[in-house]
């Protein structure tokens, strides 16, 4: 029996055309909204000053702000380690990828690790720069990807190795945790600025013990600096020096002095060696008076500086080191170095040299290590953060310019959940561990995250299925989707189809624009050629 004619049959195609017009209009609105909600790039305000890198440049300083929240460093900082060949999966083959210097090879790797979206495509570079020793391999630049960036795979090391290798830590990578009883100090390492120093830290992480790890000196701002680390006019430069000083040496392991590497002006949050190590310090203030004398190998994340400040304000006893009055922490604050993105791996700390003088009072040398002993104590398997109060985040401590900085709240919660994956703990009414993420506004999540790949694939499959069902409806009127009479609903569903199928992240908008330009390029080229031919014929006539 034939199907009974439908009165709406003649208008079906007109309805479909109107729907497509509405879809295009809604798509334009969707693209505009996506552009408006695109996450902003790292700012240049003073709150991230502790993570800025000071590059010595033309008798002044060039600030490199790319390290915010663990971003990849940039600027003039691009160093590696000679006589070292790192292994890993190749993402660029050196036989087809050559440069004249290791710096260019390093920058090529950094270009694949912008830190804007997703993981770095390249985190290791290997370059052959000795023309005589390299032979036909001269200039080869191998870009690679490590399985474990904090435990890079070595192929060869030694004087006979002709390769120079370096690491690049992207956003959220290369962050270690210095655990103390007052909280965990998260430190972003700088392998492209101080590669030998970072190599030593990574070797400590692999030892899996923490004998000797402690802070022994703590000095607050006093009357010389304000709480933001800026020097108070006409005040002395210390003491106190606004630092927390400790040691980084494993007992029973021979320590080799680390040569001077990246020596910018010491800024609030800078983590630097005292001389050639293994003594180190965390600065709580800007010390322009120390000039460029101390190798900086890391920087404390801004949200964790309050932990160092808390340690600096602990009760101390006065002492004199090298004719300098210092505040000795006395019993020592036990600490353990751990990997931020992985299972905790403990690593040590100890004491030795003098920072030296630069026309101002120097950082003093600690007494013999035996006078600053501290047994490493096992800490309870419990998440600790001064902002985590009563089983939730104290939003008052995340205030910025009078408003809650939701980006920092999300980062803190992500870090807490990663910690809980490796350190499960039970919850109780007295000590809850669940955080209600619903208090974070929906727009804050939209600006920060996109659907994971698995959900995107499922969503794309569902949208393709819907599109095919709607196409059948348009041609036959069967009513599989059953949205034929609702223009608004059809429009919204088509917007969802286009969004899930074509736009995964905000950068895809630019990609679509480029594709559109490419599709019209050849047409424009053909028209230009045709116009040239027409004008030539006209001139001949």
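In full-length UniProt numbering, the protein residues as written are 1 to 541. Where a beta carbon is used, it is the ideal one built from N, C-alpha and C, also for glycine. Remember, it's a predicted structure, so these values are computed and weren't measured experimentally.
For residue j and residue i, believed in contact at Cβ under 8 angstroms, the rounded distance
| i | j | result |
| --- | --- | --- |
| residue 86 | residue 124 | 5 angstroms |
| residue 162 | residue 134 | 5 angstroms |
| residue 385 | residue 183 | 6 angstroms |
| residue 128 | residue 139 | 7 angstroms |
| residue 169 | residue 191 | 6 angstroms |
| residue 220 | residue 232 | No, residue 220 and residue 232 are not in contact; Cβ-Cβ is about 13 angstroms, not under 8 angstroms. |
| residue 261 | residue 193 | 7 angstroms |
| residue 414 | residue 398 | About 14 angstroms; that fails the 8 angstroms criterion. |
Buried/exposed call for residue i, threshold 16 Cβ in 10 Å
| i | result |
| --- | --- |
| residue 266 | buried |
| residue 158 | exposed |
| residue 249 | buried |
| residue 389 | exposed |
| residue 20 | exposed |
| residue 511 | exposed |
| residue 402 | exposed |
| residue 189 | buried |
| residue 514 | exposed |
| residue 4 | Because residue 4 carries a pLDDT of 49, less than 50, the predicted location of this residue cannot be relied on, and the following value inherits that uncertainty. Flag for residue 4 reads exposed. |
| residue 247 | buried |
| residue 421 | exposed |
| residue 203 | exposed |
| residue 146 | buried |
| residue 438 | exposed |
Residue i in three-state terms, based on DSSP
| i | result |
| --- | --- |
| residue 199 | helix |
| residue 300 | strand |
| residue 224 | coil |
| residue 261 | coil |
| residue 268 | coil |
| residue 99 | coil |
| residue 58 | Confidence at residue 58 is low in this model, with a pLDDT of 30, below 50, so its placement is unreliable and the value that follows should be read with caution. Of the three classes helix, strand and coil, the one that applies to residue 58 here is coil, per DSSP. |
| residue 94 | helix |
| residue 171 | coil |
| residue 177 | strand |
| residue 282 | strand |
| residue 246 | strand |
| residue 187 | strand |
| residue 163 | strand |
Beta-carbon proximity check, residue i vs residue j, cutoff 8 angstroms
| i | j | result |
| --- | --- | --- |
| residue 277 | residue 258 | yes |
| residue 292 | residue 229 | no |
| residue 176 | residue 201 | yes |
| residue 263 | residue 294 | yes |
| residue 105 | residue 112 | no |
| residue 275 | residue 299 | no |
| residue 164 | residue 82 | yes |
| residue 142 | residue 94 | yes |
| residue 79 | residue 222 | no |
Residue from the options with nearest C-alpha to residue i
| i | options | result |
| --- | --- | --- |
| residue 236 | 226, 387, 186 | 226 |
| residue 89 | 153, 173, 285 | 153 |
| residue 244 | 24, 282, 272 | 282 |
| residue 571 | 260, 416, 113 | Limits of the chain in this structure are 1 at one end and 541 at the other, which puts residue 571 out of reach. |
| residue 441 | 421, 419, 404 | 404 |
| residue 297 | 271, 206, 309 | 271 |
| residue 314 | 519, 173, 181 | 181 |
| residue 303 | 234, 387, 100, 84 | 387 |
| residue 443 | 418, 301, 407 | 407 |
| residue 197 | 279, 213, 155 | 279 |
| residue 544 | 96, 97, 172 | Any answer about residue 544 is impossible in this case: the structure gives the chain only from 1 up to 541. |
8 angstroms Cβ cutoff, residue i in contact with chain C
| i | result |
| --- | --- |
| residue 283 | Of the protein chains in the structure, only one exists, and it is not chain C. |
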